[in-house]
Every structure is written in C-alpha cells, then in structure tokens.
Amino acid sequence: MTRILHISDLHFGAEDPALTDALLETAARLKPDVTAAAGDFTQYGRRREFAAAAAFFDALPGPVVAAPGNHDTPYLDVFARAVRPWRRFEAALGGAMTPGWRGSGAGVEALHTARGLQARLDWSLGRARTSHVRDAARRLSDVDGVRVVACHHPLIAPGGSRGRARTAGGERGAALLAEGGVDLVLTGHLHQVFALPLERADGRTSWFVGAGTALSRRVRGEPAGFNVIDVEDEAAVMRVYEARGARFEPAGERTLSFRGEETRP
Ligand SMILES: [Fe+2]
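Residue numbering for the sequence shown follows the numbering used here, beginning at 8 and increasing consecutively.
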C-alpha cells in the first residue's frame, strides 16, 4: 500500500496558522509515503510566501511532488510573469518543476498546467499542453504499479469545462493520460473535492480527483481540507479530511476502483 497525502491551494500569505499546525500534526500521524501538492502554494507569489511554503514542505514527513499553480507566479508583476514566471517557485521549492517519486507500488509525476500569461483574458485558467501531458505519462511508464500525476488545474471537473474549470486542452489531456496508463490525476484550483472516473480501452479506470483548499478559511462554500489516498493495485481508498475548529477530522471515504466495475453497467 502506498499512502499519498493530496494537498492543494495552501495559499501561504492568506493561510490560517492554526490549520498549518493542524495539517502538520495530522500528516505526522498519518505518515504518508509521499505528498502530491497540486499548486497555489502562495497567495501572490511573494518571496516570503514561498519561504513559508518551503518550510512547510520541509516539515512534512516524506518527499513532496509539487506542481505550480496560477498563484505561484508573481501575481501583481506582469513583466515577471511574462519573462520568468516560475523563477521564485523553482528557487524556493527546489527546482521542482518536473519532479518525480517512485515507491514500491506507485509513482508520482508533476504536470505543469499554470501559465504566467496566456492569450486569453483570464490567465489564471489552466492549459494542458499535449506534449507535456504525453511526457508526464511517458515518465511514469517505468512504474510497475499505480501511476499518479499531480497538476494544479482540473482536466475534467464535476460541472464540465465551465467557469474556473475551463482548462484548455483539459478533456483531451485527461483522455491522453488515461490511455497512457495514468491511474490517478490529483488536482486543485477549484477548492472542491471530487473524484471522476474515466474508463480506458485496457479495461481499467482512471480517476480524476480534486482536493479542497488546505489551509485557507476563505473558501468557496467548502471547508478547508485535503485528501489522504491509500493506493493498491486494484483500488484506492480516498479519505477526505475537513477543518473543524483548529483540527482536521475525517469527513468521508470513497473507494476508487481501477478495475472499472464502478463505471460499467
Ligand atoms: Fe488556482
């Protein structure tokens, strides 16, 4: 069994310090093998916010695979966003733009879906470039077990490709990852917990999973929270933790079968 801590949208700079401590305490107790961190670690991409995020990652048990979000570029500096959008992210979080992790039963890679600028009005939306998607699946091809991708923006979302879920190339990227043998895609950005299946030609099912915002109480209708995902070859058990006061407590559990029976009639 591989235990993955799936956290997202930490938003250091707007975080609740009590929740920061609570998450570290919970993580120390749960002892994840790896943390998949799905972006928006800072609020405005400031150096001190990145320093806080780096200290937090250091304090987590085990390694962290981190994919940047749209808040992880200098938010208020259009020039920096255009010229060197990820310099602070790389400096603070260890050049982790394309990190990877391998365990005995699973492997995790990051996929980059955020842009400092892009040719549409809302540059905070995601963009899944086909070459990046294919590369993430290819990098996982050595994994003899469950293949996991962490990225910030949802590739598919519960309400379809609308609003903040308008990730360019998202649906195509989801299909490419599924056909490329990726079993789990762990995302953030929407501050919404979900798990959506996608059936594959090889008879397995891939799952696209969203996490809440980990440390911020300024949330969109859902409490702060995160997911703990216990992965085995045939299924993963996803436990949702939610903030209650200054603690995180289990708030629900769902089995995500990779065998396809949940999605077949
Ligand atoms: Fe975001």
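All residues carry an ideal CB built from backbone N, CA and C; glycine is no exception. The model shown is predicted, which means the values in this text are computed figures rather than measured ones.
- Within the same chain, A144 come within 6 Å of G187 by CB-CB distance, once the 5 residues on both sides are set aside.
- R169 and P161 have their alpha carbons spaced roughly 11 Å apart.
- Scanning R36, L191, I163 for the CA closest to the CA of G152 turns up L191.
- The beta carbons of A243 and L263 sit closer together than 8 Å.
- Note that the C-beta distance between A208 and V150 is not below 8 Å.
- Judged by DSSP in its simplified three-state form, L118 adopts coil rather than helix or strand.
- Inclusion of I14 and A44 in the CB contact set at 8 Å is warranted, their separation being smaller than that value.
- Counting only runs that start and end inside the stretch 64-102, the beta strand (DSSP E) elements of at least 3 residues fall at 71-73.
- Residue range 153-157 is occupied by the beta strand (DSSP E) that includes R154.
- For E178, the secondary structure class from DSSP, reduced to helix, strand or coil, is helix.
- Counting along the chain, V140 sits inside the alpha helix (DSSP H) bounded by residues 137-146.
- Note on geometry: alpha-carbon atoms of R146 and A74 lie some 15 Å from one another.
- By the rule of a C-beta closer than 5 Å to any heavy atom of ligand 1, the residues picked out are D47, G76, N77, H196.
- In this structure T137 is exposed. Its beta-carbon is surrounded by fewer than 16 other beta-carbon atoms within 10 angstroms.
- In this structure, D16 sits near D47, with a CB-CB distance shorter than 8 Å.
- Only residues of its own chain outside the window of five on either side were considered, and among them G114, L147, G188, V189, D190 have a CB closer than 7 Å to the CB of R154, listed in chain order.
- Using a Cβ-Cβ distance cut-off of 8 Å, the stretch 118-132 and the stretch 86-95 are in contact, since at least three pairs of beta carbons, one from each stretch, lie closer than that value.
- When DSSP states are grouped into helix, strand and coil, D47 belongs to the coil group.
- When DSSP states are grouped into helix, strand and coil, D237 belongs to the strand group.
- Excluding the 5 residues flanking it on each side, P70 has same chain C-beta neighbours closer than 6 Å at V41, W108, in chain order.
- As a beta-bridge residue in DSSP terms, I14 pairs with A44.
- The stretch 171-181 makes no contact with the stretch 17-37, as fewer than three CB pairs between them are under 8 Å.
- A check of alpha carbon separations from G167 across R88, F201, H139, V156 identifies F201 as the nearest.
- Per DSSP, the continuous beta strand (DSSP E) segment holding R261 begins and ends at 254-264.
- A218 carries a coil assignment under DSSP once its states are collapsed to helix, strand and coil.
- Of the candidates G210, F215, R171, the residue whose Cα lies closest to the Cα of L203 is F215.
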